[in-house]
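Residue numbers (our numbering), protein chains in the order written: chain A, 326 to 469; chain B, 326 to 469. Cβ coordinates follow ideal geometry from the N, Cα and C atoms, glycine included.
2 protein chains.
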Amino acid sequence: MLSKKTKYAIKALVVLGKNADQPPMQISRIAEEERIPKKFLEQILLDLRNAGFLYSKKGAGGGYSLNKDPKEIFLVSIMRITDGPIAMVPCASLNFYHKCEECRQETTCGIRDVFVEVRDATLKILSETSIADIIARENTLINI
Amino acid sequence: MLSKKTKYAIKALVVLGKNADQPPMQISRIAEEERIPKKFLEQILLDLRNAGFLYSKKGAGGGYSLNKDPKEIFLVSIMRITDGPIAMVPCASLNFYHKCEECRQETTCGIRDVFVEVRDATLKILSETSIADIIARENTLINI
DNA sequence: TACATAGTATACGGAAGTAGTAGAATTTAT
DNA sequence: ATAAATTCTACTACTTCCGTATACTATGTA
Chain A
326 MLSKKTKYAI KALVVLGKNA DQPPMQISRI AEEERIPKKF LEQILLDLRN
376 AGFLYSKKGA GGGYSLNKDP KEIFLVSIMR ITDGPIAMVP CASLNFYHKC
426 EECRQETTCG IRDVFVEVRD ATLKILSETS IADIIARENT LINI
Chain B
326 MLSKKTKYAI KALVVLGKNA DQPPMQISRI AEEERIPKKF LEQILLDLRN
376 AGFLYSKKGA GGGYSLNKDP KEIFLVSIMR ITDGPIAMVP CASLNFYHKC
426 EECRQETTCG IRDVFVEVRD ATLKILSETS IADIIARENT LINI
């Protein structure tokens, strides 16, 4: 399961993506529009900022805006920051690999083999879908 | 992430699948062979039994054996019993659907739309892969 | 300079979930 | 009867998640 943190992070990036041509947007406004607890959102935006996705400006008239083209922000990168691994078992993770303590022979583990496949399928989607894509999807969905 | 419970469940079913032609296998033996804490495994096997996947026999000479053809036990069913939903967001789940409290319009949510796609890709693999397949994969992997 | 605005940073706490343990009850073969 | 095995309920320790609190820092404007 995706954590709320990750879901909120994506929502915030989507809102900021729609706001791309406007001046920086305040945390409170994002929190209100997306119904995200403000103080929780603060932490999340900070993480995204420290990871280089957001630009922030302090003080009066400050706020957050995207630091990258929405086309270049992919779900997989966000999820790795906020949730960690994409794979469902640590031994099948590319970026957060961890050996299963109880496994005798990883190389011949059929379970791992299946979950590597699942990981690849998931990864394909998440690494091809950007914030811009999500915005585009929403526009399409509205017209159905 | 898959819980250890689910991973242990799959491992136990695989062992029992390999043991299919033999008399029932004791919990202690499965626990030893797969290095799973015995009392924890007890609970897991009980769940699988109550879900109809296992046959159990009490008393001397008792133990567990598969109650179905290993070809008919699919990962998706095991995971739904031990871990619950397959989807990464509750609003994209088929069997454990739950509305996101903060969402205004689910039907036009781009995030949900992407994660429905991820769910379908995952589901395709997990609902096509059986215990028999995992055993077959292991045999293939050994010969590489 | 004073002040309000807005992000930065760290720490804390409740709730829920995960992993595993304990112990007694029940069933069955010998 | 007895020993071997599963069944069942409850409990505990640990961790993570979600959200809150509080103090601090930077910036624009009057």
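Does the Cβ-Cβ distance between residue i and residue j come in under 9 Å?
i, j, result
"G323 of chain A", "P348 of chain A", "One cannot answer for residue 323 of chain A here, as it falls past the ends of chain A, which runs 326 to 469."
"V439 of chain A", "D394 of chain B", "no"
"L338 of chain A", "I403 of chain A", "yes"
"F399 of chain B", "T454 of chain B", "yes"
"K396 of chain B", "I335 of chain B", "no"
Out of curiosity, what's the CA-to-CA distance linking residue i and residue j?
i, j, result
"I411 of chain B", "I450 of chain A", "16 Å"
"A376 of chain A", "S353 of chain B", "48 Å"
"I467 of chain A", "E357 of chain A", "22 Å"
"L370 of chain B", "D408 of chain B", "14 Å"
"G384 of chain A", "E367 of chain A", "15 Å"
"E426 of chain B", "D372 of chain B", "31 Å"
"T432 of chain A", "I460 of chain B", "14 Å"
"Q430 of chain A", "Q430 of chain B", "47 Å"
"K364 of chain A", "E463 of chain A", "27 Å"
"K330 of chain B", "M326 of chain A", "16 Å"
"E442 of chain B", "S328 of chain A", "18 Å"
"A446 of chain B", "A446 of chain A", "6 Å"
"G386 of chain B", "D346 of chain B", "15 Å"
"T465 of chain A", "S452 of chain B", "30 Å"
"I469 of chain B", "R437 of chain A", "16 Å"
Leaving out five residues before and five after residue i in sequence, what residues of the same chain have Cβ atoms less than 8 Å from its Cβ?
i, result
"R480 of chain A", "Chain A is shown only over 326 to 469; residue 480 of chain A falls outside these bounds and no answer can be derived."
"Y380 of chain B", "P349, R374, Y389, S390, L391, N392"
"K424 of chain A", "P415, C416, E431"
Once the 5 residues before and after residue i are set aside, which same chain residues still bring their CB inside 7 Å of it?
i, result
"L448 of chain A", "V401, I411"
"C434 of chain A", "C428"
"K382 of chain A", "P349, G388"
For residue i, return the contacting residues in chain B, with the cut-off set at a CB-CB distance below 7 Å.
i, result
"E359 of chain A", "E427"
"L327 of chain A", "M413, V414"
"I459 of chain A", "G435, I436, V439"
"I352 of chain A", "The premise fails here: I352 of chain A is roughly 16 Å from chain B at the closest Cβ pair, so nothing lies under 7 Å."
Buried or exposed, going by whether 16 or more other CB atoms sit within 10 Å of the CB of residue i?
i, result
"R360 of chain A", "exposed"
"G342 of chain A", "buried"
"Y333 of chain B", "buried"
Can you find the residues in the same chain that come closer than 6 Å, C-beta to C-beta, to residue i, ignoring five residues on each side of it along the sequence?
i, result
"N344 of chain B", "M350"
"I293 of chain B", "As shown, chain B starts at 326 and ends at 469. That puts residue 293 of chain B outside it, with no answer to give."
"V421 of chain A", "It is Phe, not Val, that sits at residue 421 of chain A in the sequence shown. Correct list, in chain order: G409, P410."
For a contact meaning CB atoms closer than 7 Å, what does residue i contact in chain A?
i, result
"T433 of chain B", "E463, L466, I467"
"I335 of chain B", "I436"
Which residues of chain A have a Cβ atom closer than 9 Å to the Cβ of residue i, listed in chain order?
i, result
"I398 of chain B", "None at all; the shortest Cβ gap to chain A is about 13 Å."
"P395 of chain B", "Residues of chain A passing the Cβ test: none, with the nearest at roughly 12 Å."
"E442 of chain B", "I450, T454"
"V339 of chain B", "G435, I436"
Using a C-beta to C-beta distance shorter than 8 Å, which residues of chain A count as neighbours of residue i?
i, result
"T447 of chain B", "V443, A446, T447"
"P410 of chain B", "M326"
"K330 of chain B", "Chain A residues near K330 of chain B: none, gap ~13 Å exceeds 8 Å."
Could you check if residue i belongs to the surroundings of the ligand SAM, using beta carbon to heavy atom distance under 8 Å?
i, result
"E357 of chain A", "The model on display carries no ligand, and the ligand SAM is accordingly not part of it."
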